[in-house]
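A short write-up of the structure that comes next.
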Amino acid sequence: MRLAEVERGDTLGHRILIRMISRFAGYRLPDAARVAFYDRRFVGPVLGEWTQKTMRGPGSWSVSERELMAAMVASWNTCPFCIGAHRAIAVRGIEPAVADAVLADYRTAPISDRLRAALVFLERMTREPDQLSADDARAALDAGLTTEELEDAAAVAALFNIIARNANALDFEIPSASDFESAAGMLLRRGYA
Amino acid sequence: MATESSHSVLADRLRRRVVETGVISAELREGAMHAGGAEHDDLGAPYDVLARTIGTASYRVTDAQVGAVREAAESDQAAFEIVMSASVGAGLKRWDAAARAIREAADAAR
Numbered sequence: 011m012r013l014a015e016v017e018r019g020d021t022l023g024h025r026i027l028i029r030m031i032s033r034f035a036g037y038r039l040p041d042a043a044r045v046a047f048y049d050r051r052f053v054g055p056v057l058g059e060w061t062q063k064t065m066r067g068p069g070s071w072s073v074s075e076r077e078l079m080a081a082m083v084a085s086w087n088t089c090p091f092c093i094g095a096h097r098a099i100a101v102r103g104i105e106p107a108v109a110d111a112v113l114a115d116y117r118t119a120p121i122s123d124r125l126r127a128a129l130v131f132l133e134r135m136t137r138e139p140d141q142l143s144a145d146d147a148r149a150a151l152d153a154g155l156t157t158e159e160l161e162d163a164a165a166v167a168a169l170f171n172i173i174a175r176n177a178n179a180l181d182f183e184i185p186s187a188s189d190f191e192s193a194a195g196m197l198l199r200r201g202y203a
Numbered sequence: 511m512a513t514e515s516s517h518s519v520l521a522d523r524l525r526r527r528v529v530e531t532g533v534i535s536a537e538l539r540e541g542a543m544h545a546g547g548a549e550h551d552d553l554g555a556p557y558d559v560l561a562r563t564i565g566t567a568s569y570r571v572t573d574a575q576v577g578a579v580r581e582a583a584e585s586d587q588a589a590f591e592i593v594m595s596a597s598v599g600a601g602l603k604r605w606d607a608a609a610r611a612i613r614e615a616a617d618a619a620r
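If you're matching them up, the sequences are chains A and B in order. With this note's numbering, the residue at position 136 of the first sequence is 146, and numbering never jumps. With this note's numbering, the residue at position 79 of the second sequence is 589, and numbering never jumps.
Set out below in structure tokens:
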């Protein structure tokens, strides 16, 4: 973590909370949670509200599919923290081997055509936003996605293009595999807001 | 014309929040958001190089880039706002591109 105050908390209440959660959970509170507690008068509450709606709100994508999309966006942004964190949640609902196949090459992984078509759109959106066009959206819709499903997937990508950049720029500490698993349980129970 | 989605409402609230709140100047927050989204504002050193690196290849951000912004901004909170504004700019650039593409495809199908 490159900014010390973000790591330790900016209010007495948040400093105590960070220490208490770490003590009760039995692992270091991940930097993503520390960022969520920090500077609450700035963008945090709105970012949290949008993330909660997108990752846990009503929609036809399963939570695991959304988390797998997040892990892929993290992969395209070369963000090891976010890949580990969101793969760990995705595998609560899909086989780890499938998640790993998607991360290795989603074009050949054993997933639905709908999810594959969404990932094609999200990859272009992430890597070449200036080239993204109605033709890309049409290809996804032709593969069977509804407009709403494509918008919901695009919201995952927009948010994780923010979150992964923030994680990389602040150099989030990478938890162990078991701590990623524990944090995944907390994110499933408590959500993002 | 498709109805504005609730995602677009939240995206616009996020954009406004960058502009309207924070301890570092609104000009720097908005400039960092634009630079993160690869727009052509001249943000000035040391902010510009950090915001643009966040926008193009965030894994290449260095301790020195963040350290220089921390020193110029004079607090962790102000430096955090630059980092977050640039990240938001990169994400919203992609949201805007996706929302436009989806809207055009949906309108063409009507």
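Here a beta-carbon is modelled for each residue, glycine too, at the ideal position from N, C-alpha and C. For clarity, every value in this text was computed on a predicted model and none was experimentally measured.
Check: By how many angstroms is the C-alpha of B/D551 removed from the C-alpha of A/P185?
Finding: As a working mapping, residue 185 of chain A is identified with position 175 in the first sequence. As a working mapping, residue 551 of chain B is identified with position 41 in the second sequence. One Cα belongs to A/P185, the other to B/D551, and the distance between them is close to 37 Å.
Next item on the list: Using 10 angstroms around the beta-carbon of B/V529, count the other beta-carbons present and answer buried if the total reaches 16, otherwise exposed.
Entry: For this step, residue 529 of chain B is matched to residue 19 along the second sequence. Exposed is the call here.
Check: Apart from the five residues just before and just after B/T513, which ones in its own chain have a Cβ nearer than 7 Å to its Cβ?
Finding: For this step, residue 513 of chain B is matched to residue 3 along the second sequence. Residue placement at B/T513 is poorly supported in this model, since its pLDDT is 48, which falls under 50; the coordinates are not used for a value here.
Margin query: For a test of the three-state rule: what should DSSP assign to A/N171, helix, strand or coil?
Written below: Taking the first sequence and counting its residues from 1, the one referred to as residue 171 of chain A is at position 161. Under the three-state reduction of DSSP output, A/N171 falls in the helix class.
Margin query: Going by C-alpha to C-alpha distance, which of B/S518, B/S535, B/A574, B/T563 sits closest to B/A596?
Written below: For the purposes of this step, residue 596 of chain B is identified with residue 86 of the second sequence, where counting begins at 1. If we check each option's Cα against that of B/A596, B/T563 comes out closest.
Check: Between the stretch 47-55 of chain A and the stretch 137-144 of chain A, do at least 3 Cβ pairs fall closer than 8 Å?
Finding: Touching, no, given that fewer than three Cβ pairs across the two stretches are closer than 8 Å.
Notebook entry, point to check: Given that B/V559 touches chain A, what residues does it touch there, using C-beta distances under 8 Å?
Noted result: Reading the second sequence from its first residue, position 49 is the one you call residue 559 of chain B. Here the premise fails: no neighbours, minimum Cβ distance about 12 Å.
Check: Relative to the C-alpha of B/A609, which residue among A/S74, A/A98, A/D162, A/R137 is closest?
Finding: Mapped onto the second sequence, residue 609 of chain B falls at position 99. Nearest of A/S74, A/A98, A/D162, A/R137 to B/A609, Cα basis: A/D162.
Note to self: Below 7 Å on C-beta distance, what does A/Y48 contact in chain B?
What the structure shows: Working through the first sequence from its first residue, we reach residue 48 of chain A at position 38. Within chain B, the C-beta atoms nearer than 7 Å to that of A/Y48 come from F590, in chain order.
Next item on the list: Please name the residue, chosen from A/R44, A/H24, A/E17, A/G36, that lies closest to A/Y202 on a Cα-to-Cα basis.
Entry: On the first sequence, residue 202 of chain A is found 192 positions in, with the first residue counted as 1. Minimum Cα distance to A/Y202 is reached at A/R44.
Margin query: If you measure between the beta carbons of B/Y557 and B/V579, is that distance less than 8 Å?
Written below: Indexing the second sequence from 1 puts residue 557 of chain B at position 47. Indexing the second sequence from 1 puts residue 579 of chain B at position 69. Contact: yes.
Notebook entry, point to check: Around the C-beta of B/G532, are 16 or more other C-beta atoms found within 10 angstroms, so that it is buried, or is it exposed?
Noted result: One-based indexing of the second sequence puts residue 532 of chain B at position 22. Residue environment analysis places B/G532 among the buried positions, since at least 16 neighbouring C-beta atoms fall within 10 angstroms of its C-beta.
Notebook entry, point to check: How would you call A/A107, buried or exposed, if buried means at least 16 neighbouring beta carbons within 10 angstroms?
Noted result: The count along the first sequence starts at 1 and reaches residue 107 of chain A at position 97. Classification for A/A107: exposed.
Margin query: Let me check understanding here. Comparing Cα to Cα, which of A/A14, A/L27, A/E59, A/D20 lies closest to B/H481?
Written below: Because chain B here runs from 511 to 620, residue 481 of chain B falls outside it and cannot be looked at.
Next item on the list: Tell me whether B/L553 sits in a helix, a strand or coil according to DSSP, three-state version.
Entry: Here residue 553 of chain B refers to the residue found at position 43 when the second sequence is read from its first residue. In the structure shown, the three-state DSSP call for B/L553 is coil.
Next item on the list: Tell whether a beta-carbon distance below 8 Å holds between A/W71 and A/R137.
Entry: Here the question's residue 71 of chain A lines up with position 61 in the first sequence. Here the question's residue 137 of chain A lines up with position 127 in the first sequence. No, the Cβ-Cβ distance between A/W71 and A/R137 is not below 8 Å.
Check: Given a limit of 8 Å on CB to CB distance, which residues of the stretch 73-90 of chain A reach chain B?
Finding: Taking a C-beta cut-off of 8 Å against chain B, the contacting residues of the stretch 73-90 of chain A are N87, T88, C89, listed in chain order.
Next item on the list: From the DSSP output, in three-state form, read off B/W605 for me.
Entry: The residue labelled residue 605 of chain B in the question sits at position 95 within the second sequence. Here B/W605 sits in helix by DSSP.
Checklist line | Pairwise C-alpha distance: A/A14 and A/E133 | finding: One-based indexing of the first sequence puts residue 133 of chain A at position 123. One-based indexing of the first sequence puts residue 14 of chain A at position 4. Rounded to whole angstroms, A/E133 and A/A14 show a C-alpha spacing of 33 Å.
Notebook entry, point to check: Between the stretch 583-593 of chain B and the stretch 15-25 of chain A, do three or more beta carbon pairs fall short of 8 Å?
Noted result: A contact exists between the stretch 583-593 of chain B and the stretch 15-25 of chain A.
Note to self: Check whether chain A comes within 8 Å of B/M511, counting only Cβ atoms and requiring the distance to be less than that.
What the structure shows: For the purposes of this step, residue 511 of chain B is identified with residue 1 of the second sequence, where counting begins at 1. Caution is warranted here: a pLDDT of 38 is assigned to B/M511, below 50, making its placement in the model unreliable, and no coordinate value can be reported.
Notebook entry, point to check: Under the three-state reduction of DSSP, which class applies to B/Y569: helix, strand or coil?
Noted result: The count along the second sequence starts at 1 and reaches residue 569 of chain B at position 59. Reduced to three states, the DSSP call for B/Y569 is helix.
Checklist line | Span of the alpha helix (DSSP H), counted from its first residue to its last, around A/W60 | finding: Numbered from 1 along the first sequence, position 50 holds the residue referred to as residue 60 of chain A. First-last of the alpha helix (DSSP H) with A/W60: 54-66.
Note to self: Against chain B, which members of the stretch 165-178 of chain A pass a CB distance test of less than 9 Å?
What the structure shows: Taking 9 Å as the Cβ-Cβ cut-off against chain B, the residues of the stretch 165-178 of chain A that qualify are A165, A167, A168, L169, F170, N171, I172, I173, A174, R175, N176, A177, N178.
Notebook entry, point to check: A/R97 and A/A81: beta carbons closer than 8 Å?
Noted result: One-based indexing of the first sequence puts residue 97 of chain A at position 87. One-based indexing of the first sequence puts residue 81 of chain A at position 71. In this structure, A/R97 places its C-beta atom within 8 Å of the C-beta atom of A/A81.
Margin query: Give me, in chain order, the residues of the same chain whose beta-carbon lies closer than 8 Å to that of A/T157; leave out the 5 immediate sequence neighbours on both sides.
Written below: The count along the first sequence starts at 1 and reaches residue 157 of chain A at position 147. L151, listed in sequence order.
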